[in-house]
Amino acid sequence: MFGLPESPYHCLYLAAPSVRALARFVSWKGTNCEASLNVTLSMHQPAPSALSGLCRVTDCLYLSNARAAGDPRQVTGCGITCIINVTEKKGSVSPPPGVEYFHIPVSDTPVSRLSDHFDEVADKIQVTAESSGRTLVHCNAGVSRSAALCMAYLMKHRGVSLLEAHGWVRTCRPVVRPNNGFWKQLIQYEGGLRGCNSVRMVSSSMGEIPDIYEEEARNMMPL
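The sequence shown: position 145 = 145 (the UniProt record's numbering), numbered continuously.
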């Protein structure tokens, strides 16, 4: 991997958290296997201004909204060599010369089959990384579709659990929140990769949600 290029967009280079180093411990018992896991996630909080730019997930992977992905100065400054557009509109971003461009038309709805693209996107990110390239994955807001694909990549090629992958990506970009349909698909994907699950869907006052949002849902209940 090459070092980070010097750029006026220094605030965009967010330290990618180590999955093994942690600020807090979370214990879980998988729904498909009897297991306990202590998870640690380094809590480096990004500057608020960086959320409108490209957020670095790993040395080879960035995540953003469509507006930032369409800024050639940011794309070039971060050394991006491949852009994956996960919006419904192909022409929402015009990549700089020499940058690979892939369009995966998926709508941000719970019934959309984003999981049909988990493997192909994860593998493309990995192939790009192995050739010393960097991939930017974006959707409209950089919250749901693109975040879910980054989580799928981390599970498949970095060997982490879904719980760890979510914590990793959310540390880099705190606004991420895949819709519930994508969560169900990620849970199923994790089960296929690992044989057990670190996240499960539960009932709440807000409907069915991932269990990692249970406390948040309780806090939102009216007194």
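Ideal Cβ placement from N, Cα and C applies to all residues, glycine included.
For the pair N85 and N180, the Cα-to-Cα distance works out to about 21 Å. Residue burial annotation: Y101 is exposed, with fewer than 16 other C-beta atoms found within 10 angstroms of its C-beta. Taking a 10 Å sphere around the C-beta of M155, we find 16 or more other C-beta atoms and assign the residue as buried.
Within the same chain, Cβ atoms closer than 7 Å to the Cβ of A122 are found at A152, Y153, K156, H157, the five residues on either side in sequence being excluded. In the structure shown, N197 adopts coil according to DSSP, grouped into three states. Between L63 and V137, the C-beta gap is smaller than 7 Å, which places the two residues in contact. The bridge partners DSSP lists for F102 are I84.
Scanning S205, V175, S115 for the CA closest to the CA of W183 turns up S115. Counting along the chain, V75 sits inside the alpha helix (DSSP H) bounded by residues 72-77. Excluding the 5 residues flanking it on each side, A217 has same chain C-beta neighbours closer than 8 Å at S204, S205, M206, I209, in chain order.
R173 sits in coil when the DSSP states are folded into three classes, being neither helix nor strand. Ranked by how close their Cα comes to the Cα of S132, the residues T58, M201, C196 have T58 in first place. With a beta-carbon spacing of about 19 Å, S52 and D108 fall beyond the 8 Å limit used to define contacts. In this structure, the CA atom of H103 is about 8 Å from the CA atom of T87.
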